[in-house]
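Peer 1: Before anything else, here's the structure in question.
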Amino acid sequence: MQEGAEPLALMADACTSCGECVRPCSFLRQQGPPAQIAQRGIERKNLLSAYGCSLCGLCDALCPEGLSPSAMFLAMRQKAAAQGLVELRPYRSWLNYEKLGSHPLFQRDSIPVGCRTVFFPGCSLSGSRPDAVRGLYRLLQQHDPAVGLVLDCCGKISHDLGLVDRFEGIFSRLAQRLHARGIVRVLTTCPGCSKVFRNHAKAFEVTSVYELLTQAGRAVPQQGTDAGGLPAVSIHDPCPSRFDAAQQQAVRQLAVSCGYRVEELPDSRRYTRCCGQGGMVEGCVPGVVKKEAALIGAEAAGRPLLSSCGACCETLGRVTSTAHIADLLTGTGTFSTKPVSSRMRWINRLKLAFLRLS
Ligand code: SF4
Ligand code: SF4
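The opening residue of the sequence shown carries number 1126 in our numbering; numbering runs sequentially from there.
Quick look at the structure:
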């Protein structure tokens, strides 16, 4: 099969149906190996099944042939959307969230003279943890007084729903704005934002805040305490950070520096599970978030969870006590099962956009 061939034909040709990716994935257990889905897609032009895949990439990590089923499922979504086959009503709440979040009311560019690096905390952390955003910004300013702050949405919802034009409209406006201000480096907290910037704006250097703080010496373990006596925590690696070993390691080092002992989940790092929010699958498979979150909660076996994604924290907080690493780093929060209401998220984002940050 030649390079550049249609993703479905490529998968139908190259996937051996070995089943490695099928075992841990409820979507593939129901639909069959990627080769079968690709073949059905080719024969029956059935593209909509891809909306049952969370795009989590676990199959990519497991495939011995080096294939990327998740890329095929995203391509199927894009094709279905381009052909007008997708009923967007079930995804309206996500799309409205993104649309409102991209409104100038919730945007803020705080870019001082000489600024080449900006902190981009993303929608989720800004809505759920505005004090942590302020705290992280202050920490970053200690290392680079000219660091800027940009509050905006990266468009990942449209991206994952396969709405290419809509995504490009949101993201290219943001990227062009940053280019125009001379920005060359973007510091992220959300692994989803990191992935979007890395895949769609290669001119920027993208680094997680966690790596930067670790490199800057923030991840120094607390002295004088026997590690065995420290409280245990498990790290949930968000699926967009699956192949980002540097970010995963930095979060662990920071957790230790905050006085915790890390006990790994059976499925972590490269093999982490999606919390259930990925790909907005809940729009067509109601109950998937609850089911997937419960699997991770069971793996935690009563230990509190720590994550670097606001959306994962919101989901996993329903099954066990969960904190964002930013809560601990900035001292603005701790492990909790209490969700932040939708109304409060918007108020938090408005306050962040309008009030002084330091
Ligand atoms: S990306 Fe995740 S949900 Fe989709 S097929 Fe692969 S493992 Fe399953
Ligand atoms: S692991 Fe790879 S080869 Fe095996 S079924 Fe999945 S996609 Fe096909």
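All C-beta atoms, glycine included, are put in the ideal place defined by N, C-alpha and C.
Grouping DSSP H, G and I as helix and E and B as strand, with all else coil, what is G1129?
Peer 2: No answer about G1129 holds up, because its pLDDT of 46 lies below 50 and its placement is not dependable.
Peer 1: Between the Cα of T1242 and those of T1447, L1180, R1310, R1148, spot the shortest distance and give me the residue it belongs to.
Peer 2: R1310
Peer 1: Taking the beta carbon of D1362 as the centre, do at least 16 other beta carbons fall within 10 Å, making it buried, or is it exposed?
Peer 2: D1362 comes out buried.
Peer 1: Only counting runs of 4 or more residues, tell me where the alpha helix (DSSP H) segments fall wholly within the stretch 1164–1243, in order along the chain.
Peer 2: DSSP runs (the alpha helix (DSSP H)) wholly in the stretch 1164–1243: 1183–1187, 1194–1207, 1217–1226.
Peer 1: Any idea if S1218 is buried or exposed, counting beta-carbon neighbours within 10 angstroms, 16 or more meaning buried?
Peer 2: Per the 10 Å Cβ criterion, exposed.
Peer 1: Hey, would you say the C-beta of S1174 is under 7 Å away from at least one heavy atom of ligand 1?
Peer 2: no
Peer 1: Which stretch, first to last residue, makes up the beta strand (DSSP E) that contains L1480?
Peer 2: No beta strand (DSSP E) holds L1480; DSSP gives it neither H nor E.
Peer 1: Does ligand 1 have a heavy atom nearer than 7 Å to the CB of G1182?
Peer 2: yes
Peer 1: Would you call the stretch 1414–1430 in contact with the stretch 1438–1455, where contact means no fewer than 3 C-beta pairs closer than 8 Å?
Peer 2: yes
Peer 1: Can the beta-carbon of L1453 be found less than 8 Å from the beta-carbon of L1261?
Peer 2: no
Peer 1: Taking 7 Å as the cut-off, is the CB of S1466 close to at least one heavy atom of ligand 1?
Peer 2: With a cut-off of 7 Å, the C-beta of S1466 is classified as distant from ligand 1, since no heavy atom of the ligand falls inside that distance.
Peer 1: Give a yes or no on whether the C-beta atoms belonging to Q1402 and T1462 are separated by under 8 Å.
Peer 2: no
Peer 1: So H1284 and F1292 are in contact, right, with Cβ under 8 Å, and what is the actual spacing, rounded?
Peer 2: About 4 Å; that satisfies the 8 Å criterion.
Peer 1: With H, G and I counted as helix, E and B as strand and the rest as coil, what does DSSP make of I1472?
Peer 2: helix
Peer 1: Return the chain-ordered list of same chain residues with a C-beta closer than 6 Å to the C-beta of L1133, the five sequence neighbours on each side being excluded.
Peer 2: Answer for L1133: A1163, G1166, I1167, listed in chain order.
Peer 1: Give me, in chain order, the residues of the same chain whose beta-carbon lies closer than 6 Å to that of R1202; leave out the 5 immediate sequence neighbours on both sides.
Peer 2: A1175, G1287
Peer 1: Since L1135 and C1146 should fall inside the 8 Å C-beta cutoff, what is the C-beta to C-beta distance between them, to a whole number of angstroms?
Peer 2: Their Cβ separation, rounded to whole angstroms, is 16 Å, which puts L1135 and C1146 out of contact at 8 Å.
Peer 1: If you reduce the DSSP assignment to three classes, tell me which class A1425 lands in.
Peer 2: helix
Peer 1: For T1447, which residues does DSSP report across the bridge?
Peer 2: L1430, S1461
Peer 1: What are the boundary residues of the alpha helix (DSSP H) that includes D1338?
Peer 2: In the sequence on display, residue 1338 carries Leu and not Asp. Residues 1334–1340.
Peer 1: Report the CB separation of V1376 from S1319 in whole angstroms; it is logged as a contact under 8 Å.
Peer 2: 12 Å between Cβ atoms; not a contact.
Peer 1: Between Y1396, G1404, M1469, which has its C-alpha nearest C1184's C-alpha?
Peer 2: Y1396
Peer 1: Ligand 1 heavy atoms versus the CB of C1178: any closer than 7 Å?
Peer 2: yes
Peer 1: If we call anything under 8 Å between Cβ atoms a contact, is E1388 one with S1359?
Peer 2: Yes, the pair counts as a contact, with Cβ atoms nearer than the cut-off.
Peer 1: So, with DSSP's three-state summary, where would you put S1142?
Peer 2: coil
Peer 1: With V1358 as the anchor, note down where its beta strand (DSSP E) starts and where it stops.
Peer 2: 1357–1361
Peer 1: Just to confirm, is the Cβ distance from I1282 to E1223 under 8 Å?
Peer 2: Yes, they are a contact pair.
Peer 1: DSSP on S1466, reduced to helix/strand/coil?
Peer 2: In the structure shown, the three-state DSSP call for S1466 is coil.
Peer 1: Does the separation of the CB atoms of S1249 and V1406 fall below 8 Å?
Peer 2: Contact flag unset, no.
Peer 1: Are there 16 or more other CB atoms within 10 angstroms of the CB of V1238, so buried, or fewer, so exposed?
Peer 2: Answer is exposed; the Cβ neighbour count stays below 16.
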